[in-house]
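All remarks here apply to the structure that follows.
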Amino acid sequence: MIEVKNLVKRYGSFAAVDDLSFTVEDGEILGFLGPNGAGKSTTMNMITGYISATEGDVIIDGHNMFDEPEEAKKCIGYLPEIPPVYPDMRVREYLNFVAELRKVPRKERAAEIDRVMELARVTHMQKKLIKHLSKGYRQRVGVAQVLLGNPKVIIMDEPTVGLDPMQISWMREFIKSLGKKHTVILSSHILFEVNAVCDRVLIINHGKKVVLDTPEKVIHTIGGTDGLYLAVKGDEAKVSEILSAVPEIATIRPERAPEEGVYAASIFPKEGADIRERLFRDFAAKDMPILEMRSETKTLEEVFIALTGEEESC
Amino acid sequence: MLAVYKKELRQAFTSIFGYVFLAFLLALVGFYVYTLNLKGGYASIAYAISSVTAFFLLLVPMLTMRILSEERKQKTDQLVFTSPVSITRIILGKYLALVTVFFFAIAIISVYPLILNKYGNVNMKSAYANIAAFFFLGCAYLAIGMFISALTESQIVAAIVTFIIILFTLLANALKNMIPTDYSVAFLVMLVLSVVLGVIAFVMMKNVPVAAGISVVCIAAVLITYFGVSKEMYDGLLTKILGWFSLVSRFENFTYGLFDAAAYVYYLSISFLFVFLTIQAIKKRRWS
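Respectively, the protein sequence lines represent chains L and G. For the first sequence, my numbering gives the first residue as 1, with consecutive numbering after it. For the second sequence, my numbering gives the first residue as 315, with consecutive numbering after it.
In structure tokens:
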């Protein structure tokens, strides 16, 4: 289990991480989302003990990272954004070094290295120099390294960046399979990925927690009520007149007309209101046929942008 | 610690630098032993050894430049410093690996007095005291080199700065005899140093009150001792301070065949100090 309590990291007067608290249960996969510069990597570096925190605590499996770092670090496998491999080492030699560093007992070392190479599918590359490997294989060597010693907690910083589509899908399946035996935190800015893999999602922005919940709940409750896409035959003035008479409507966002003489809009009703029947009757009364009406469920993408993306459009 | 030690030792010899270091060092010692001792018929190895000390300038950066800077550049430090090994042990492992590579050369050099003994009488005690001093001097330089490597991400910068620092320690002795020794100059230099210290503190901590405080305290101390205690304290002060940095001048006694335990202590202290500073530099980086 990972407990993060009131974590703060300040650089001068700038707070990269600002009072962040959350817990990750055993066997859970937590997706860590945020725009670039939101403090994802900084937080992960603090959880793994690479950098220290200005304030707050990180507790890994009952060990406080800042009071007993060696005990806490024993429980963690960490894959940073750039796989921490030595270009002039061979794959097996590198894994042997990491196994020693992680204090895997000498007798188990060879078997353990074979095991992780099998899982990360780098067995056939074990005699190659790491500098001769492609980015994808380096990432796999990084993954193999994470698994050495079977750590309880696995932390991965953007594990799919720079991989090709095949490798990405392999990596996702792989991370899913990890969730059964390990507690996993993975950061990403690809929302689809997080949605597909994670049990819960933590969105941060400017170093602060924005939301922490299951992907479904994040989409539904945080994203607000679903919108309604409506396409009506008739001109804008008339449609607007009818719509403005409906008190449950909160906002109307005009959409591009699908064809000539049709007005289309996305309508967002007030919390919990169901206006579909009323719209049907109102338009029918004025003899204006509704050509299309469907609920629009927000994607995590939109929620994410709504929650975090006020200034960054690039 | 052992894992890091073994890795560094292996890396020294998978890259070219370990071999170049050993080959260059042994070639130099071999050259001087051949010309001075074998050709020149001189029994003591001391002059050959002391001639080589100046070449630490080139030798040390070769070995130390990548030791920490490269980890940081390749981001492998994220692996090393998140492993369940303390920073102190990691640094010690690295330092011992450097010392071990250097010790290979020392082991070979240690054979030379035995060879020379075949041809005449060699004062074994003095020869081995000399080789030991050479070893400890090298260890001190290696610690300095490692410290500089901890401060930068660039091997090249680490190499150049190490080169300059070692050059300074070599020239400090000569410089000592050129600078004025009267107290007024020393007084002014100390005032300037107080300000410089404050500037360095500011660059490192980005904290104006602390940096200014350090400067003010130093300036006050200089003023009080100069005007309050005695001006004579400042006589030859600069020479003395420069003398502290002169690593090779400690070596001279050995060259004359004298045994100087204080020099051993001095070299060991320098090694200890810079290993300690390296650990602090790495720890500090976690905080900023």
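Glycine residues also receive a C-beta, built at the ideal position from the N, C-alpha and C atoms.
Query                                                                                                                          : Result
Cutoff 8 Å; reference G:Leu371; Cβ partners in own chain excluding five residues on either side                                : Phe477, Ile480, Leu481, Leu484
Beta-carbon contacts of L:Gly214 that lie in its chain and below 8 Å, excluding the five residues immediately before and after : The residue you asked about is not Gly; residue 214 of chain L is Thr in the sequence shown. Asp199, Arg200, Val201, listed in sequence order.
Proximity test, Cβ basis, 8 Å: L:Lys131 and chain G                                                                            : no
Bridge partner(s) assigned by DSSP for L:Arg294                                                                                : L:Tyr229
Proximity of L:Ile290 and L:Ile267 at Cβ, strictly below 8 Å                                                                   : no
Beta-bridge pairing of L:Glu71 - partner residues as DSSP gives them                                                           : For L:Glu71, which the question treats as bridged, DSSP gives no partner whatsoever.
Assigned exposure category for L:Phe192 - 16 Cβ within 10 Å defines buried                                                     : exposed
C-beta neighbour in chain G for L:Glu3, strict 8 Å                                                                             : no
Proximal residues to L:Tyr229 (C-beta, below 6 Å), its chain only, five neighbours per side dropped                            : Ser266, Arg294, Glu296
Residue-level contact to chain L via CB, G:Leu393, 8 Å cutoff                                                                  : yes
L:Asp57 vs L:Lys5 beta-carbon contact at 8 Å                                                                                   : yes
Chain G contact residues for L:Glu70, given Cβ-Cβ distances below 7 Å                                                          : Pro398, Ser400
Coil, strand or helix - L:Met156 by DSSP                                                                                       : strand
Any C-beta of chain G under 8 Å from that of L:Ile305                                                                          : no
Residue environment, L:Arg253, which counts as buried when at least 16 other CB atoms sit within 10 Å                          : exposed
Uninterrupted alpha helix (DSSP H) stretches inside the region 198-286 of chain L (no shorter than 4 residues)                 : 236-244, 276-285
Residue burial classification, G:Leu502 (beta-carbon count within 10 angstroms, cutoff 16)                                     : exposed
Close beta carbons around L:Pro258, own chain, < 7 Å, minus the five adjacent residues each side                               : Ala231, Ala264
Residues within the region 326-355 of chain G neighbouring chain L, beta-carbon criterion of under 7 Å                         : Thr328, Ser329
Residue environment, L:Arg106, which counts as buried when at least 16 other CB atoms sit within 10 Å                          : exposed
Contact set between the region 99-112 of chain L and chain G, restricted to residues whose Cβ is under 7 Å from the partner    : Glu100, Leu101, Arg102, Lys103
Closest Cα partner of L:Ile51 within the set L:Gly34, L:Pro69, L:Gly227, L:Gly136                                              : L:Pro69
Same chain, Cβ closer than 6 Å to L:Leu212, five either side skipped, listed in chain order                                    : Phe22, Leu202
Where G:Tyr433 falls: helix, strand or coil (DSSP)                                                                             : coil
Residues sharing a beta bridge with G:Ile591, DSSP                                                                             : Residue identity check: residue 591 of chain G is Leu in the sequence provided, not Ile. G:Leu591 pairs with nothing; no bridge assigned.
Inter-stretch contact (C-beta, 8 Å, three-pair minimum) for the region 422-435 of chain G and the region 461-469 of chain G    : no
Any chain G beta carbon closer than 8 Å to L:Val24                                                                             : no
Identity of the residue in L:Thr183, L:Pro80, L:Arg109 nearest L:Met1 by Cα                                                    : L:Thr183
G:Lys520 at chain L interface by Cβ criterion, 8 Å                                                                             : yes
Cutoff 8 Å: G:Trp558 Cβ touching any chain L Cβ                                                                                : no
Interface residues of the region 38-51 of chain L facing chain G [CB-CB below 7 Å]                                             : Thr48, Gly49, Tyr50, Ile51
Residue from G:Ser583, G:Pro398, G:Thr402 whose Cα sits closest to the Cα of G:Phe450                                          : G:Ser583
Option nearest G:Ala411 by Cα separation, candidates G:Leu456, G:Ala446, G:Asn444                                              : G:Leu456
Spatial neighbours of G:Gly434 in its chain, beta-carbon cut-off 7 Å, leaving aside the 5 residues before and after            : Ala357
Any chain L beta carbon closer than 8 Å to G:Gln469                                                                            : no
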